[in-house]
Amino acid sequence: MSEPREPLRRIVVAGSGQVALLTAIALRRALPATEVVLLAVAPQGPAFADFAATSLAFTASLHDRLGIDEERMIATAAASHRLSTRYFGWSSQDQRGLFAHGGWNGRAMRARFGRDWGGGPNIEGGERPAGSLAEVLTDVGRFALPPADRETPLSLIEYALRWNPPAYRALLVEHAGQLGIGHVQAPIETIERDGAGGIRGLNIQGLGWLEADLFVDCSGPAALLASALPDFATIDWSASLPTRRVFIAAAGEPMIALEDRITLLEEGWLIEQAGRDGLLTILGVGERTSDQAAIAALGTNPIAVMPVSPGRVAEPWQGNVIAIGDSSAQFEPLANLNLDLAHRQLDLLLEMLPGRGIEPLERAEYNRRAGLMMDTTRDLLAFHYATPRARRVFGEVEVPEAVQIALDQFVRRGRMPFHEESALLREEEMDLLGALGFERRMSPQEGSPDPGGVEAAQAEFATLANRALEAAPPYAEWIAAVTQPS
Amino acid sequence: MDRHAPLKVVVLGGGTAGWMTAASLAKLLPDRASVDLIESEDIGIIGVGEATLPHIRGFVERLGIREAEFMKATHATYKLGIDFRDFGRIGESYIHPFGSFGEELAGVGFHHYWLELQRRGEAAPLGEYSMCVAAALANRFQPPSQDLSLSSTYGYAYQFDATLFGPFMRQFGQSVGVTRHEGLVTNVERDGDTGNVTALLLNDGRRIEGDLFVDCSGFRSLLLGQELDEEWEDWSHWLPCDRAAAMPCTHATEDIRPYTTATAMPAGWRWQIPLQHRMGNGYVFSSAFTDEDAACEAIRSAAEGEPLADPRVLRFRPGRRRRSWSHNVVGVGLASGFLEPLESTSIYLAQMAITYLIELFPEPGGIEPADRDAFNQLVDMEYDRVRDFLILHYHATTRDDSEFWNHVRTMTVPDSLGDKLELWRKTGRIEKYSDGLFFDASWIAVYVGQGLLPQRHDSRTGMVDPERLKAAAERLRREIASEVSRMPGHREYLERETSRLAEAS
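Chain order of the listed sequences is A and B.
With our numbering applied, the first sequence covers 1 to 486.
With our numbering applied, the second sequence covers 1001 to 1505.
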């Protein structure tokens, strides 16, 4: 006879940023009888997940499950929707490409692409036609959340949200308060280990002893709790990820757009992220670029310069301590992956929530899957540095084996190996490589397409795109309408 | 080499795997491959796998074959899963469905709630919370719906006559341009430098040249095994069955079951696969624990219905080649590996290899080692996952009534399976992957069905109000029962469209 596991009595979540807050909210909702204490230690160092103003599409579904209302984010946290990211200059100076959330539309469409355009940037015969609904809508700046009362092609669109981090954090704080999450704001004096690879309790300055069955470390790059454990070890990614400093400019003018832009300059990469609260500009550079050159490339004095030492913890779950977000992996904020990784790790923790007695094999299974999440995240970044121009800008780096295999298969065979636990769907990974300017050869089957089928798919897509355009108002008008005070 | 010249592919063997391979390459890569197939009327076809998995539908559809036409030609019936009898314990049975059990609630899998209800003595058998299981046991069938309702929570496959499937694929293959050669291979010519196979010599003196050779010669594995001597990884210590005694019978009942039955026997298990006009029967056994005569006698006395032929004994060994693609030879089907048909995976494994071969089909310039490695890695992953799942069926048992069951119950299992079992025992969780075969619901069906309950389940199940949980589960069970009662009978649905019925023989 199977017995329910004894519930966790108390969970301490260490951290005070948006990762810690959402983690505490999620755990509190999952375990209403468990005391959840937020130990609000301020993040130290480059906490890119905690300060992120955007994520990937997964966050929208997690928010939905956790009761974080998107309409409220639009109303109070300056949230806006991103359908695509436009890449400039990665394979060569004048190359451009578009990555759409959700990827391409279907096999038949891809076959048509393969035949007509070879999937690469060197197209003959004019502009490449849009490959997805997201691209069609991005190009004309039209989008709205799909209406609840009727079916439109807009419900097929995957999107990511951007927001104002302090306003989003305030929204989470309010939510956490409503859920009755305990809150402690004082430094940790000592960490007492439990002799089984984990933590028995913490001495908190001015408050005394704090025990818990489970500790979730969302404290940022310092990994305050995880790094205190006897078997703490890290894996260095710096040989594969060459960005060493990130320069952040003061917010620019408000900008409403369905796309963000990532441009490769001679100095490094430059992100221009649209936002209703202002355009966010971030520059990432390697060792070769001087501060002076970086500031010139940024075009303004930075409000912050952050060092990047990329790597991950070897085992994010040790004993009764689980590191999530910046405390588990550090890397540059290049492709909106920092917070996405934190949110997928949180989701994995919710799926595998332990009882009071933690089983070694559940830890191993969590570490296997979270490890895959982190490594595939590194690999998505590594694709960027494997482009011909990035190799000149940043210098040659060590290309992870999985990336070498994927690039070879994509370029030579037009296919993408399946990566378990990747942030992106296989179709999205292919879309990303296309946006970075990797030229994809036709897959064997695309070489022999059924012409009738291809024409039919083309016509079907055109119809769908027209219906989507009819259903979608200009995005700026839609935002203005939904944020109008009633 | 001419960029557009098609690669010359020679398929050796005209069984199910051979004709599936030849037909798929010819149909799906008409500009890339010219396909020759060598077969001999003197060599019998094993015709493994009369029962299939839902993936076959996509495979057949991709070739542009209509379901009704295919069903008519192969005397096919619909299949919703497999009924396993006497595996965990004599007298107990369960269905491994092509479908799910219940629904996740607040992020916790349904089976955790079921375990909680069961602890309180309030659970019906797990299968009653599965639309697929309930429909199967009621002998009812209709295709799943495309919406998000209960009727969308299952898939289906076919049960067909494998001796008719091969010829059907042969006819189709020839219609899409496969050239057939009748003959026996007497010699294999190879390139002195590369070791690649260059041509096959036939007994009438003909010489068939090729760029790529697909070995579908069955257990003989003429090219991959005999000629290239690719190492065989033997799995018989985990899967001791190495023979099958097959015997077709007439139907014994009016109903046609929309599922395959696998019944554990003292030295293995026997299958019952209902086709349109007859019942396929067979005893898969281990020659280390019983002999062929005894096995034939056992299937004769166990089979229901009138025998239509004497039992025929097939021999096999479980395992796979360490490399299924070596030099310019690709093994598909038995030439590459074998796993007993306990979970109807034989045709799937051949189709899987064909699908990957198409994805990685050599460029005109020659075979890239990276593509060969990618193929071999994918094939290994698929075989290894199926292997562990099969071993589970034998190992998760309390049977101690025969030497065979004592052996499999007490044997050491592969570490990869051992860890999965331990994780389940301690926490009720399933190791998760998204590639390959057999996901959560399949593992849960076998674990629970064979009486291997975990010691602990998710603590969150204890937080739902017991009365509400009980009521919700009961409501689901009633909705399923009511949906099933509105479905047509399997025979009724089959006969509704005469285009899918074979002529009465």
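Think of the CB as a built atom: it goes at the ideal place given N, C-alpha and C, for glycine as much as any other residue.
Flag this pair as yes or no: are the beta carbons of residue 1408 of chain B and residue 1240 of chain B separated by less than 8 Å? Within the second sequence, the letter at position 408 stands for residue 1408 of chain B. Within the second sequence, the letter at position 240 stands for residue 1240 of chain B. Yes; because the gap between Cβ atoms is below 8 Å, this pair is in contact.
Rounded C-alpha distance that separates residue 1404 of chain B from residue 131 of chain A: Residue numbering aside, residue 1404 of chain B sits at position 404 when the second sequence is read from its first letter. Residue numbering aside, residue 131 of chain A sits at position 131 when the first sequence is read from its first letter. The straight-line gap from Cα to Cα measures roughly 58 Å.
Buried versus exposed, by CB contacts within 10 Å (16 or more), residue 388 of chain A: Your numbering for residue 388 of chain A matches position 388 in the first sequence. A residue is called buried once 16 or more other Cβ atoms fall within 10 Å of its Cβ, and residue 388 of chain A, having fewer, is exposed.
Would you tell me roughly how many angstroms separate the C-alpha atoms of residue 1365 of chain B and residue 412 of chain A, rounded to the nearest one? Numbered from 1 along the second sequence, position 365 holds the residue referred to as residue 1365 of chain B. Numbered from 1 along the first sequence, position 412 holds the residue referred to as residue 412 of chain A. The C-alpha of residue 412 of chain A is placed about 12 Å away from the C-alpha of residue 1365 of chain B.
Just by C-beta distance, which residues in the region 151-171 of chain A are closer than 7 Å to chain B? Residues: none.
Note down, in chain order, every chain A residue with its Cβ under 7 Å from the Cβ of residue 1463 of chain B. Counted from its first residue, the second sequence places residue 1463 of chain B at position 463. Correct list: 32, 33.
Against chain A, with Cβ distances strictly below 8 Å, would residue 1057 of chain B count as a contact? Residue 1057 of chain B sits at position 57 when you count from the first residue of the second sequence. Chain A has no Cβ within less than 8 Å of the Cβ of residue 1057 of chain B.
When the Cα of residue 246 of chain A is compared with those of A/279, A/268, A/136, A/392, which residue comes out closest? Reading the first sequence from its first residue, position 246 is the one you call residue 246 of chain A. Of the candidates A/279, A/268, A/136, A/392, the one whose C-alpha sits nearest the C-alpha of residue 246 of chain A is A/268.
Identity of the residues DSSP links to residue 1226 of chain B by a beta bridge: Taking the first residue of the second sequence as position 1, residue 1226 of chain B is located at position 226. Partner(s): none; residue 1226 of chain B has no beta bridge.
At what residues does the alpha helix (DSSP H) containing residue 1154 of chain B begin and finish? Reading the second sequence from its first residue, position 154 is the one you call residue 1154 of chain B. For residue 1154 of chain B, there is no enclosing alpha helix (DSSP H), as DSSP gives it neither H nor E.
Along the region 396-412 of chain A, where does the CB come closer than 8 Å to a CB of chain B? Name the residues. So the list reads 405, 408, 409, 412, given in the order they occur along the chain.
Comparing the C-beta of residue 1370 of chain B with each C-beta of chain A, is any distance below 8 Å? Locating residue 1370 of chain B in the second sequence gives position 370, counting from the first residue. Interface residue, yes.
Continuous alpha helix (DSSP H) stretch holding residue 1406 of chain B: start and end: One-based indexing of the second sequence puts residue 1406 of chain B at position 406. Residue 1406 of chain B -> alpha helix (DSSP H) spans 1403-1410.
Taking residue 51 of chain A as the query, report the chain B residues whose CB atoms sit under 8 Å from its CB, ordered along the chain. For the purposes of this step, residue 51 of chain A is taken as residue 51 along the first sequence, with counting starting at 1. Simply none; closest approach about 28 Å.
My output table needs one value for residue 1096 of chain B: the three-state DSSP class, helix, strand or coil. Reading the second sequence from its first residue, position 96 is the one you call residue 1096 of chain B. Here residue 1096 of chain B sits in strand by DSSP.
So who's on the other strand from residue 87 of chain A, going by DSSP bridges? Stepping through the first sequence from its first residue, residue 87 of chain A is reached at position 87. Looking at the DSSP assignment, residue 87 of chain A forms a beta bridge with A/97, A/262.
Are residue 1273 of chain B and residue 1265 of chain B close, meaning C-beta to C-beta below 8 Å? Position 273 of the second sequence, counting from 1, holds the residue named residue 1273 of chain B. Position 265 of the second sequence, counting from 1, holds the residue named residue 1265 of chain B. Taking 8 Å as the Cβ cut-off, residue 1273 of chain B and residue 1265 of chain B do not qualify as a contacting pair.
So what does DSSP say about residue 1337 of chain B, is it helix, strand or coil? Residue numbering aside, residue 1337 of chain B sits at position 337 when the second sequence is read from its first letter. Per DSSP, reduced to three states, the secondary structure at residue 1337 of chain B is strand.
Cα-Cα, which of A/14, A/133, A/4, A/53 is closest to residue 463 of chain A? As a first step, residue 463 of chain A must be located in the first sequence, where it is residue number 463. Residue A/133 is the option with its Cα nearest to residue 463 of chain A.
Beta carbon of residue 1112 of chain B nearer than 8 Å to that of residue 1428 of chain B: Your numbering for residue 1112 of chain B matches position 112 in the second sequence. Your numbering for residue 1428 of chain B matches position 428 in the second sequence. In this structure, residue 1428 of chain B lies closer than 8 Å to residue 1112 of chain B by Cβ.
Is the region 45-64 of chain A touching the region 1101-1121 of chain B, taking contact as three or more C-beta pairs under 8 Å? Cβ pair count under 8 Å is below three, so no.
Helix or strand or just coil, what does DSSP make of residue 292 of chain A? Walking along the first sequence from the start, residue 292 of chain A turns up at place 292. Helix at residue 292 of chain A.
Is the shortest distance between the beta-carbon of residue 93 of chain A and the beta-carbons of chain B less than 8 Å? Taking the first sequence and counting its residues from 1, the one referred to as residue 93 of chain A is at position 93. So, not an interface residue.
Work out the CA separation of residue 1127 of chain B and residue 1444 of chain B for me, nearest whole Å. Locating residue 1444 of chain B in the second sequence gives position 444, counting from the first residue. Locating residue 1127 of chain B in the second sequence gives position 127, counting from the first residue. So the two alpha carbons sit approximately 11 Å from each other.
Closer than 9 Å between beta carbons: that is the criterion. Which residues of the region 343-359 of chain A meet it against chain B? Residues 347, 350, 351, 352, 353, 354, 355, 356, 357, 359.
From the DSSP output, read off the bridge partner residues of residue 1234 of chain B. As a working mapping, residue 1234 of chain B is identified with position 234 in the second sequence. Residue pairing by DSSP puts residue 1234 of chain B in a beta bridge opposite B/1319.
How would you write the range of the alpha helix (DSSP H) that residue 58 of chain A sits in, first residue to last? Residue mapping note: residue 58 of chain A aligns to position 58 of the first sequence, counting from 1. From DSSP, the alpha helix (DSSP H) with residue 58 of chain A extends over 57-66.
Sufficient close CB pairs (3 or more, under 8 Å) joining the region 47-59 of chain A to the region 84-91 of chain A: Between the region 47-59 of chain A and the region 84-91 of chain A, the count of C-beta pairs closer than 8 Å stays below three; the two stretches do not touch.
Own chain partners of residue 1495 of chain B with C-beta closer than 7 Å, once the 5 adjacent residues on each side are dropped: Within the second sequence, the letter at position 495 stands for residue 1495 of chain B. Excluding positions up to five away in sequence, the list reads 1501.
In this structure, does DSSP put residue 1243 of chain B in helix, strand or coil? Against the second sequence, residue 1243 of chain B aligns to sequence position 243. Taken through DSSP and simplified to helix, strand or coil, residue 1243 of chain B comes out as strand.
Can you give, in chain order, each stretch of the alpha helix (DSSP H) that sits fully within the region 1248-1326 of chain B and has at least 4 residues? As for any alpha helix (DSSP H) of minimum length 4 sitting wholly inside the region 1248-1326 of chain B, the runs are 1292-1302, ordered along the chain.
What are the residues in the region 1423-1443 of chain B lying within 8 Å of chain A by C-beta distance? Within the region 1423-1443 of chain B, the qualifying residues are 1423, 1426, 1427, 1428, 1429, 1431, 1432, 1433, 1434, 1435.
Between the region 362-382 of chain A and chain B, which residues of the former have a C-beta closer than 9 Å to a C-beta of the latter? Residues 362, 364, 365, 368, 369.
Suppose you measure from the CA of residue 107 of chain A to the CA of residue 1225 of chain B; what does that come to, to the nearest Å? Residue 107 of chain A sits at position 107 when you count from the first residue of the first sequence. Residue 1225 of chain B sits at position 225 when you count from the first residue of the second sequence. Note that residue 107 of chain A scores a pLDDT of 45, beneath 50, so its modelled location is shaky; the value from the coordinates is reported in the next line. Pairing residue 107 of chain A with residue 1225 of chain B, the inter-Cα distance amounts to about 36 Å.
Should the region 279-291 of chain A be regarded as contacting the region 211-225 of chain A, the criterion being three or more beta carbon pairs within less than 8 Å? As far as the Cβ criterion goes, the region 279-291 of chain A does not touch the region 211-225 of chain A, which means the pair count is below three.
At the 8 Å Cβ level, is residue 1455 of chain B part of the contact set with chain A, yes or no? Here residue 1455 of chain B is taken as the residue at index 455 of the second sequence, counted from 1. In terms of beta-carbon proximity, residue 1455 of chain B lines the interface with chain A, with at least one pair separated by less than 8 Å.
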